[in-house]
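**Q** Structure in structure tokens, see below.
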Amino acid sequence: MGKYGDAAVKATSLIRRAGYRPCDAWKTATKRQFPTQKSAREKGCPRAAYLGLCEEGIVCGVARGNYTRSVLNKQYALEAVQLLCSDPSLASDKNRLWKKALKGEDKVENDQMDIVLTLWQNRLIKCKT
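Under our numbering, the first residue of the sequence shown is numbered 1, with each subsequent residue one higher.
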């Protein structure tokens with residue numbers, strides 16, 4: 001999908017293959033993805049969405065833990081994952097997925113769905129049964 005989704009896949013690889021902690025893996029992956037764009041590396045919404053999914057043990061190969069203080073971005077990402085697990089066709093419509101994840105709130109998507117959808121498309125999301 002997008003650059004933040006690519007960073008999430010790279011971060012997951014660093015965790016699984018090199019033993020990085022999720023926070024450090026995200027920093028390393030975004031530094032590689034955005035070498036000259038500090039503001040892009042520090043963008044909070046995609047980071048919080050990724051770390052929130054890691055925190056809940058939903059990203060394949062990443063242990064549950066305490067990785068973020070974010071509440072809302074984590075919540076949006078978790079809701080999107082639940083929606084995808086129950087209706088995988090939502091993966092083809094990022095805007096529809098975002099609106100459903102918001103449950104009626106009116107907010108602009110800020111790369112949270114890029115994280116969720118790219119991990120989903122790379123089969124790095126575990127659906128809870």
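Note that CB positions come from ideal geometry on N, CA and C, so glycine has one too.
What did DSSP end up calling V108 once you bin it into helix, strand or coil?
**A** For the purposes of this step, residue 108 is taken as the residue at position 108 of the sequence shown. Coil at V108, not helix or strand.
**Q** Whose C-beta lies closer than 6 Å to the C-beta of A49 among residues of the same chain, with five residues either side of it excluded?
**A** Here residue 49 refers to the residue found at position 49 of the sequence shown. Around A49: N73, A77, Q112 and I115.
**Q** Let's see if you can read the secondary structure: which residues bound the alpha helix (DSSP H) around D6?
**A** What you label residue 6 is simply residue 6 of the sequence shown in a count that begins at 1. In the DSSP assignment, D6 falls within the alpha helix (DSSP H) that extends over K3 to A18.
**Q** Considering only their Cβ atoms, is the gap separating K100 from L134 smaller than 8 Å?
**A** Absent from the structure is residue 134, since the part of the chain shown begins at 1 and ends at 129.
**Q** Whose C-alpha, out of C60, Q75 and G57, is nearest the C-alpha of P46?
**A** Here residue 46 refers to the residue found at position 46 when the sequence shown is read from its first residue. Nearest C-alpha to P46: Q75.
**Q** Mind checking which residues open and close the alpha helix (DSSP H) that includes Q33?
**A** Counting from one through the sequence shown, the residue named residue 33 turns up at place 33. Element bounds for Q33: P22 to Q33.
**Q** Taking the Cβ atom as the reference point for each residue, do I125 and I58 lie within a distance shorter than 8 Å?
**A** Position 125 of the sequence shown, counted from the start, is the residue given in the question as residue 125. Position 58 of the sequence shown, counted from the start, is the residue given in the question as residue 58. Yes.
**Q** Taking only three categories from DSSP, how would you classify Y71?
**A** Counting from one through the sequence shown, the residue named residue 71 turns up at place 71. This sequence places Val at residue 71; Tyr is not what is there. V71 falls in the coil class under three-state DSSP.
**Q** Taking all protein chains shown into account, do 16 or more other C-beta atoms lie within 10 angstroms of the C-beta of V108, making it buried, or fewer, making it exposed?
**A** As a position in the sequence shown, residue 108 is number 108, starting the count at 1. Under this definition V108 is an exposed residue.
**Q** Looking at the unbroken alpha helix (DSSP H) that takes in E55, where does it start and where does it end?
**A** Against the sequence shown, residue 55 aligns to sequence position 55. Under the DSSP assignment, E55 falls in the alpha helix (DSSP H) whose first and last residues are G44 to E55.
**Q** Looking at the strands, I want to know which residues DSSP matches up with I125.
**A** Residue mapping note: residue 125 aligns to position 125 of the sequence shown, counting from 1. BP columns for I125 point to V59.
**Q** Check this for me: beta carbons of G61 and T12, under 8 Å apart or not?
**A** Taking the first residue of the sequence shown as position 1, residue 61 is located at position 61. Taking the first residue of the sequence shown as position 1, residue 12 is located at position 12. It is a contact, given that the beta carbons lie within the stated cut-off.
**Q** Just to confirm my understanding: we take L51, look at its own chain, exclude 5 residues before and 5 after, and list those with CB closer than 8 Å. What are they?
**A** As a position in the sequence shown, residue 51 is number 51, starting the count at 1. So the list reads P22, C23, W26, Y67, T68, S70 and K74, once near-sequence residues are dropped.
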